[in-house]
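Numbering follows this note's numbering, with no gaps: position 90 of the sequence shown is 106. Step one of this worksheet: look at the structure below.
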Amino acid sequence: RLFLYELHTAESRLLDDVVKKDKRIKTFRADGLKDSLGLLPPKENRGLILIDPSYEIKNEYQTVVDTLKAMHKRFATGCYCLWYPVVARKRNQYLERALQASGIKNIQLFELGIQADSDGFGMTATGMIVINPPWTLLAEMQQVLPWLAETLGQNQQGFYRIEQLVGE
17 RLFLYELHTA ESRLLDDVVK KDKRIKTFRA DGLKDSLGLL PPKENRGLIL IDPSYEIKNE
77 YQTVVDTLKA MHKRFATGCY CLWYPVVARK RNQYLERALQ ASGIKNIQLF ELGIQADSDG
137 FGMTATGMIV INPPWTLLAE MQQVLPWLAE TLGQNQQGFY RIEQLVGE
């Protein structure tokens with residue numbers, strides 16, 4: 017089963033069109049951060065939750081942390097993947113500290129940048145914070161991210177981060 021949330025009308029319609037023939041997929045034109053909590057825990061008692069917020073609202077970083085804490089409380093064994101952009105590093109640092117203080121265990125961070133952080137260039141990197149990652153993910157990312165940073169980096173400024181934010 018797959019549940020997809022999209023708040024923006026045009027993108028929601030596109031999702032509907034793409035998946036309408038698959039009965040296993042259900043789309044919602046709604047805010048997944050607010051409305052998906054009721055789906056947890058899934059009846060299969062296992063699942064992957066991908067969270068891709070817009071980060072258009074400054075307090076969304078706190079909303080994401082609050083949502084993850086509530087989700088984890090309902091479904092502690094789920095694998096949660098939180099995407100984030102690096103536009104203003106201070107916001108990312110806040111997100112990391114808040115998750116470290118959340119009480120949630122087994123959190124890994126994977127980040128890929130194509131140029132050094134800058135206030136003038138927009139998004140310079142992107143990352144994924146993973147709660148309860150698959151046991152092979154760390155080793156796989158240790159192989160892939162260095163190559164991606166070197167290959168995609170601009171002016172030899174590509175970089176990557178791999179960090180265990182919270183142990184098991």
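In this text, a Cβ means the ideal position worked out from N, Cα and C, and glycines have one as well.
| query | Does the pairing of the stretch 142–149 with the stretch 89–97 give three or more beta-carbon distances under 8 Å? | reply | yes
Using a Cβ-Cβ cut-off of 8 Å (strictly less than) and excluding sequence neighbours within five positions of residue 120, which residues of its own chain qualify? Here residue 120 refers to the residue found at position 104 when the sequence shown is read from its first residue. Result list for residue 120: 84, 85, 88, 147, 182, in chain order.
*Report yes or no: do three or more beta-carbon pairs, one from the stretch 24–36 and one from the stretch 56–64, lie closer than 8 Å?*
no
When the Cβ atoms of the stretch 152–168 are set against those of the stretch 131–139, are three or more pairs found closer than 8 Å?
-> no
task = Assign residue 29 to one of three DSSP states: helix, strand, or coil.
result = Looking up residue 29 in the sequence shown gives position 13. Helix, per DSSP.
Nearest candidate by alpha-carbon position, reference residue 22, set 176, 35, 45
As a working mapping, residue 22 is identified with position 6 in the sequence shown. For the residues 176, 35, 45, the minimum Cα distance to residue 22 belongs to 45.
Closest to residue 76 by CA distance: which of 34, 55, 48 is it?
As a working mapping, residue 76 is identified with position 60 in the sequence shown. Here the closest residue by C-alpha is 48.
Could you pull out every unbroken beta strand (DSSP E) segment of at least 3 residues lying fully inside the stretch 62–88, listed in chain order? 64–67
Based on the DSSP output, what are the partners of residue 101 in its beta bridges?
-> Within the sequence shown, the letter at position 85 stands for residue 101. Answer is 142.
Query raised in the report: What span of residues does the alpha helix (DSSP H) with residue 158 cover, start to end?
Result: Along the sequence shown, read from residue 1 onward, the residue named residue 158 stands at position 142. First-last of the alpha helix (DSSP H) with residue 158: 153–168.
Which stretch, first to last residue, makes up the alpha helix (DSSP H) that contains residue 36?
Here the question's residue 36 lines up with position 20 in the sequence shown. Looking at the DSSP string, residue 36 is not in any alpha helix (DSSP H), and its letter there is neither H nor E.
Worksheet item: What is the residue span of the beta strand (DSSP E) that residue 129 lies within?
Response: In the sequence shown, the residue the question calls residue 129 occupies position 113. Start and end: 123–129.
How would you call residue 73, buried or exposed, if buried means at least 16 neighbouring beta carbons within 10 angstroms? Numbered from its first residue, the sequence shown carries residue 73 at position 57. By the neighbour-count rule (16 or more Cβ atoms within 10 Å), residue 73 is not buried but exposed.
message: Taking the alpha-carbon of residue 97 as reference, which of 81, 51, 133 has the nearest alpha-carbon?
response: The residue labelled residue 97 in the question sits at position 81 within the sequence shown. When each option's Cα is compared against that of residue 97, the closest is 81.
C-alpha gap between residue 113 and residue 122, whole angstroms
Within the sequence shown, residue 113 is the residue found at index 97, counting from 1. Within the sequence shown, residue 122 is the residue found at index 106, counting from 1. In a straight line, the C-alpha of residue 113 is about 14 Å away from that of residue 122.
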